[in-house]
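Peer 1: So the sequence lines, in the order shown, correspond to chains E and Y. The numbering of the first sequence is the numbering used here, which starts it at 448 and goes up by one. The numbering of the second sequence is the numbering used here, which starts it at -9 and goes up by one. Where is the CB? At the ideal position from N, CA and C, for every residue including glycine. Provided herewith is a single structure, encoded as structure tokens, for subsequent inquiry.
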Amino acid sequence: MRKLILIFLLVAAISTIANAETKLKMELWNRWTYAMEDGDVTENEMALKRGYLRLEPVFSGNIKGRFNLDFFSDDGALDGVGMKLKYAYLDFSNFVPIKDSKLTVGLMKTYFGTIYDWSYQTIAKDPADKYKFVSSTDYGLGVSGYLPNGYGTYAVAAYNGEGYKKTGGDLNLDMNYLANLRVYVMPGVTFGGSYMKKTKNTDDLIEKEVFLDNEGTAIDTVIFNDREEYSLMSGMAKLAFGPLKITGQYLLKDISYLQENENDGNYFDEDGDSYKEEDCTQTVVSIMPQFKLNNKIDFIARYDMNDPNTDVDDDGDSTILLGMNYHILRDSKNKPKLFVQANYEMTTPEADDEDEESALMVQLRWIFSEKINAK
Amino acid sequence: MKLRIIAILTIIALLVTPMFARGDRLTIAGSTTVLPIAQAAAEAYMNSHPEMNISVRGGGSSVGIASVMAGNVDIGDASRKAKTKEIATARENGIDLYCNIVANDGIAIVVNPSNPVKNLTIDQLQSIYTGNVQNWKELGGPNKPIVLVSRDVSSGTFEVFNKLVLQGSTQDAGALMLASNNAVATTISNTPGAIGYVGLGYLSDNIKAVTVNNVKATKQTIQDKSYPISRTLHMYTNGAPKGNAKKFIDYILSPEGQKIVEEQGFVSVR
């Protein structure tokens, strides 16, 4: 049923844009994965890991949209195919009286860290995506653009905060807010930072607690309204000189658990202690060097270090990835059209009693695009 | 073992050599408007520098700029200025898009020679290209439907026309979108009710240029900017031009090179 609705939406979108100039794009990732854990094979499969159909209608010089329907092999689905709506937004250029800016409304990019321009140079996801800092897209509204003379980019946005998977009943009651700035100090030297304030304040976080005396008689009833506050930060630097590029990123997630006693409106008890569990901080460091040997071959390495809770020892892991991209075809603007990616990835847990995991992945990616009703 | 090492070193050498072995080669790609200047200048330059091998191709301004950003060419031709987005993307990837202005140009509004209309205003052109005016009789011409001819969206000529004439309005969906100045000129010459636009270098006896706001596109009106649809033509390089690219651009900017610019129907920058 869900798929039928999505297909209906797609057909409706095509019908709507039939008279508008529209870019049609499709990309498919056919992947072979051979994964091992402590020497045992855990995965040996070929699958369509991701494919998408994208429509980008141009309604006028100032208004254009993007509609993206992702599909992928999915064992859980009856017919083996999963689907999700990934983008559905409109860009209004020159709506905000700032040069080279645009207003975006809908299911749009999350302008955090490097997730919004991640082009999957490695098969692995962007660090903020992989370590669950933010979802790559979310329902929201934002203004983004370029600094004068192309010296950088900026974005400010407000989101639901639930990613592309949730709307309606499961929706967070609070909006999330984001600011992002990236500065190109000189050609090849980039510094950037993002901050996102995120809260979770949903109906299912409301708890009712009944206090009993020694004889089991209720003496007080307190409703606790739980809140989770997240501060997400990203600092990135990128160096690009000739064939060599190095991208480094530091991610930090502070989570504060608050529990409001609705009787007195306080978040803390008489002793000043929080009603709720302890706060925690997650950090991730990611470094990714790339070397473009020629127009056909890129070599890539990546090192990630993830610490899910800085107050807990030996709960993190580190991942090393080595990869190569072989470009078979490019388009007239030198963008990849058909290429093979080969990655070897090894994850080592900090805890001695946990097993090392490794995976070899080879992926064929092919992309085609065409303009309909081009003006 | 020795054989294996030799084989590996040979493969590495074969892969790496093309990155450095450029010699006296120069590659140029991009705008079809700038193409005749680049081709004629390359031919003349190679005649006086037989050791040089210059490859020139079109593709459009977007392709020219993208090719410089990708490091695939030494010079990217563009009949428009690089967009902020292109400049920013280039900077992020270690490329400094450097603009070398090599010529001036006017975009001539052209009709079939049988069409009696002699002048159009920018407002009238906007009405024509947005589909609000669809017959020549509304403009003092014959009772004949207007056939809109335009350029493809990747063309710098389209970008400049879009900016200076359409000014943010949407072009009528029925316009023929053609891939080159030559294609536009040929279509106009064969279609009595057609209107189109081409770079000055593509004017010929087979098509008729109308005045815009009563100003004729001439060397003087383009240089003093009184012709309303004028622009500069560019050759982009990664940073200030060096080596062969510098020698070639210096040649185009020399009196001899600017003479070639004029011979191709464009307006010199001096």
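CA-CA distance, E:V528 and E:Y534?
Peer 2: What you label residue 528 of chain E is simply residue 81 of the first sequence in a count that begins at 1. What you label residue 534 of chain E is simply residue 87 of the first sequence in a count that begins at 1. Whole-angstrom Cα-Cα distance: 19 Å.
Peer 1: Residues of chain Y with CB under 8 Å from E:A687, in chain order?
Peer 2: Stepping through the first sequence from its first residue, residue 687 of chain E is reached at position 240. What E:A687 touches in chain Y: E82, N83 and G84.
Peer 1: Does DSSP put Y:T22 in a helix, in a strand, or in coil?
Peer 2: In the second sequence, residue 22 of chain Y corresponds to position 32, counting from 1. Y:T22: coil per DSSP, three-state reduction.
Peer 1: Cα-Cα, which of Y:G50, Y:A31 and Y:K206 is closest to Y:S69?
Peer 2: Walking along the second sequence from the start, residue 69 of chain Y turns up at place 79. Minimum Cα distance to Y:S69 is reached at Y:G50.
Peer 1: For E:L835 versus E:Y481, is the C-beta spacing smaller than 9 Å?
Peer 2: The requested residue 835 of chain E does not occur in the structure, where chain E is confined to residues 448 to 822.
Peer 1: Since E:G635 meets chain Y, which of its residues come closer than 9 Å, beta carbon to beta carbon?
Peer 2: Numbered from its first residue, the first sequence carries residue 635 of chain E at position 188. Neighbours of E:G635 on chain Y, chain order: R81, E82, N83, G84, I85 and D86.
Peer 1: Measure the CB-CB distance between Y:Y88 and Y:P231 and report whether it falls below 9 Å.
Peer 2: Counted from its first residue, the second sequence places residue 88 of chain Y at position 98. Counted from its first residue, the second sequence places residue 231 of chain Y at position 241. For Y:Y88 and Y:P231, yes; Cβs fall inside 9 Å.
Peer 1: Leaving out five residues before and five after Y:A192 in sequence, what residues of the same chain have Cβ atoms less than 6 Å from its Cβ?
Peer 2: Looking up residue 192 of chain Y in the second sequence gives position 202. The question names Ala, but residue 192 of chain Y is Tyr in the sequence shown. Excluding sequence neighbours, Y:Y192 sits near N171 and A175.
Peer 1: Strictly under 9 Å for the Cβ-Cβ distance: is Y:K75 near chain E by that measure?
Peer 2: As a first step, residue 75 of chain Y is located in the second sequence; it is residue number 85 there, counting from the start. Interface residue, yes.
Peer 1: What does Y:S52 touch in chain C if you count any residue whose Cβ is under 9 Å from its own?
Peer 2: Looking for chain C here will not work: the only protein chains present are E and Y.
Peer 1: Among residues of its own chain, excluding the 5 on either side of E:E490, which ones have a beta-carbon nearer than 8 Å to its beta-carbon?
Peer 2: Numbered from its first residue, the first sequence carries residue 490 of chain E at position 43. Cβ neighbours of E:E490 beyond the five flanking positions: T480, Y481, A482 and A806.
Peer 1: Which ranges would you report for the alpha helix (DSSP H) in the segment 57 to 131 of chain Y if only whole runs of at least 4 residues count?
Peer 2: If we require 4 residues or more, the alpha helix (DSSP H) runs fully inside the segment 57 to 131 of chain Y come out as 74 to 82 and 112 to 119.
Peer 1: List, in chain order, every chain Y residue whose beta-carbon is nearer than 8 Å to that of E:N596.
Peer 2: For the purposes of this step, residue 596 of chain E is taken as the residue at position 149 of the first sequence. What E:N596 touches in chain Y: T74 and I77.
Peer 1: Taking any Cβ of chain Y, which residues in the segment 504 to 530 of chain E have a Cβ under 7 Å from it, in chain order?
Peer 2: Here the close residues are S507, G508 and N509.
Peer 1: Going along the chain, which residues of the segment 544 to 557 of chain E sit with their C-beta nearer than 7 Å to a C-beta in chain Y?
Peer 2: Listed in sequence order: D547.
Peer 1: Report whether the distance from the Cβ of E:N742 to the nearest heavy atom of the ligand FAD is below 8 Å.
Peer 2: For the ligand FAD, the structure offers nothing, since it holds no ligand at all.
Peer 1: Can you tell me where the beta strand (DSSP E) holding E:P504 begins and where it ends?
Peer 2: Counted from its first residue, the first sequence places residue 504 of chain E at position 57. Looking at the DSSP string, the run of the beta strand (DSSP E) that includes E:P504 is D487 to V505.
Peer 1: Rounded to whole angstroms, what is the Cα-Cα separation between Y:T222 and E:A605?
Peer 2: Residue numbering aside, residue 222 of chain Y sits at position 232 when the second sequence is read from its first letter. Residue numbering aside, residue 605 of chain E sits at position 158 when the first sequence is read from its first letter. Approximately 41 Å, taken between the alpha carbons.
Peer 1: Under the three-state reduction of DSSP, which class applies to Y:P245: helix, strand or coil?
Peer 2: Here the question's residue 245 of chain Y lines up with position 255 in the second sequence. It is helical.
Peer 1: Check whether the Cβ atoms of Y:S57 and Y:G48 sit closer than 9 Å, and answer yes or no.
Peer 2: The count along the second sequence starts at 1 and reaches residue 57 of chain Y at position 67. The count along the second sequence starts at 1 and reaches residue 48 of chain Y at position 58. Not a contact, by the Cβ cut-off of 9 Å.
Peer 1: For Y:V46, which residues in the same chain have their Cβ closer than 6 Å to its Cβ, ignoring the five residues on either side in sequence?
Peer 2: Indexing the second sequence from 1 puts residue 46 of chain Y at position 56. Closer than 6 Å at the Cβ level, and outside the excluded window around Y:V46, lie I18, A28, Q29 and A32.
Peer 1: Could you give the residue range of the alpha helix (DSSP H) that holds E:F514?
Peer 2: For the purposes of this step, residue 514 of chain E is taken as residue 67 along the first sequence, with counting starting at 1. E:F514 -> not in any alpha helix (DSSP H); beta strand (DSSP E) instead, spanning I510 to S520.
Peer 1: Beta-carbon separation of E:E484 and E:E792 under 9 Å?
Peer 2: By 1-based counting over the first sequence, the position of residue 484 of chain E is 37. By 1-based counting over the first sequence, the position of residue 792 of chain E is 345. No; because the gap between Cβ atoms is not below 9 Å, this pair is not in contact.
Peer 1: Any idea what DSSP makes of Y:A11, helix, strand or coil?
Peer 2: Reading the second sequence from its first residue, position 21 is the one you call residue 11 of chain Y. The predicted model places Y:A11 with a pLDDT of 47, which falls under 50 and marks its position as unreliable; any figure quoted below should be read in that light. Residue state, collapsed to three classes: coil.
Peer 1: Y:A68 touches chain E at which residues, Cβ-Cβ below 8 Å?
Peer 2: Stepping through the second sequence from its first residue, residue 68 of chain Y is reached at position 78. Per Cβ cutoff of 8 Å: no residues; Y:A68 is ~13 Å from chain E at best.
Peer 1: Tell me which same chain residues have a C-beta within less than 8 Å of the C-beta of Y:V107, skipping the five on either side of it?
Peer 2: Locating residue 107 of chain Y in the second sequence gives position 117, counting from the first residue. V101, W126, L129, G130, G131 and V200.
Peer 1: Identify, in the order they occur along the chain, each residue of the same chain with its Cβ nearer than 8 Å to the Cβ of E:L740, setting aside the five sequence neighbours on each side.
Peer 2: As a working mapping, residue 740 of chain E is identified with position 293 in the first sequence. The answer, listed in chain order, is P690 and F746.
Peer 1: Is it right to say Y:R15 is buried, meaning 16 or more other beta carbons lie within 10 angstroms of its own, or is it exposed?
Peer 2: Sequence index remark: in the second sequence, residue 15 of chain Y carries index 25 (1-based). So Y:R15 ends up on the exposed side.
Peer 1: Quick one: grab the DSSP three-state call for E:F786.
Peer 2: Your numbering for residue 786 of chain E matches position 339 in the first sequence. Reduced to three states, the DSSP call for E:F786 is strand.
Peer 1: Does the beta carbon of E:S816 sit closer than 9 Å to a beta carbon anywhere in chain Y?
Peer 2: Taking the first sequence and counting its residues from 1, the one referred to as residue 816 of chain E is at position 369. False, the Cβ-Cβ gap to chain Y never drops below 9 Å.
Peer 1: Run through chain E and tell me which residues come within less than 8 Å of Y:T160, C-beta to C-beta.
Peer 2: In the second sequence, the residue the question calls residue 160 of chain Y occupies position 170. Near Y:T160 (Cβ distances below 8 Å), the residues of chain E are F506, S507, G508 and K822.
Peer 1: Apart from the five residues just before and just after Y:M9, which ones in its own chain have a Cβ nearer than 8 Å to its Cβ?
Peer 2: By one-based count along the second sequence, residue 9 of chain Y stands at place 19. Summary for Y:M9: the model assigns pLDDT 48, below 50, so the residue's position carries little reliability; its value from the coordinates is reported in the next sentence. There are no such residues.
Peer 1: Where do the ends of the alpha helix (DSSP H) carrying E:A575 lie?
Peer 2: As a position in the first sequence, residue 575 of chain E is number 128, starting the count at 1. That run of the alpha helix (DSSP H) goes P574 to K577.
Peer 1: List, in chain order, every chain E residue whose beta-carbon is nearer than 8 Å to that of Y:N285.
Peer 2: Residue numbering for chain Y in the displayed model covers -9 to 260; residue 285 of chain Y lies beyond these limits and cannot be assessed.
Peer 1: Determine the direct distance from the alpha carbon of Y:T79 to that of E:T794, and round the result to whole angstroms.
Peer 2: By 1-based counting over the first sequence, the position of residue 794 of chain E is 347. By 1-based counting over the second sequence, the position of residue 79 of chain Y is 89. In a straight line, the C-alpha of E:T794 is about 33 Å away from that of Y:T79.
Peer 1: Looking at the structure shown, is Y:S52 part of a helix, part of a strand, or coil, going by DSSP?
Peer 2: What you label residue 52 of chain Y is simply residue 62 of the second sequence in a count that begins at 1. Helix, per DSSP.
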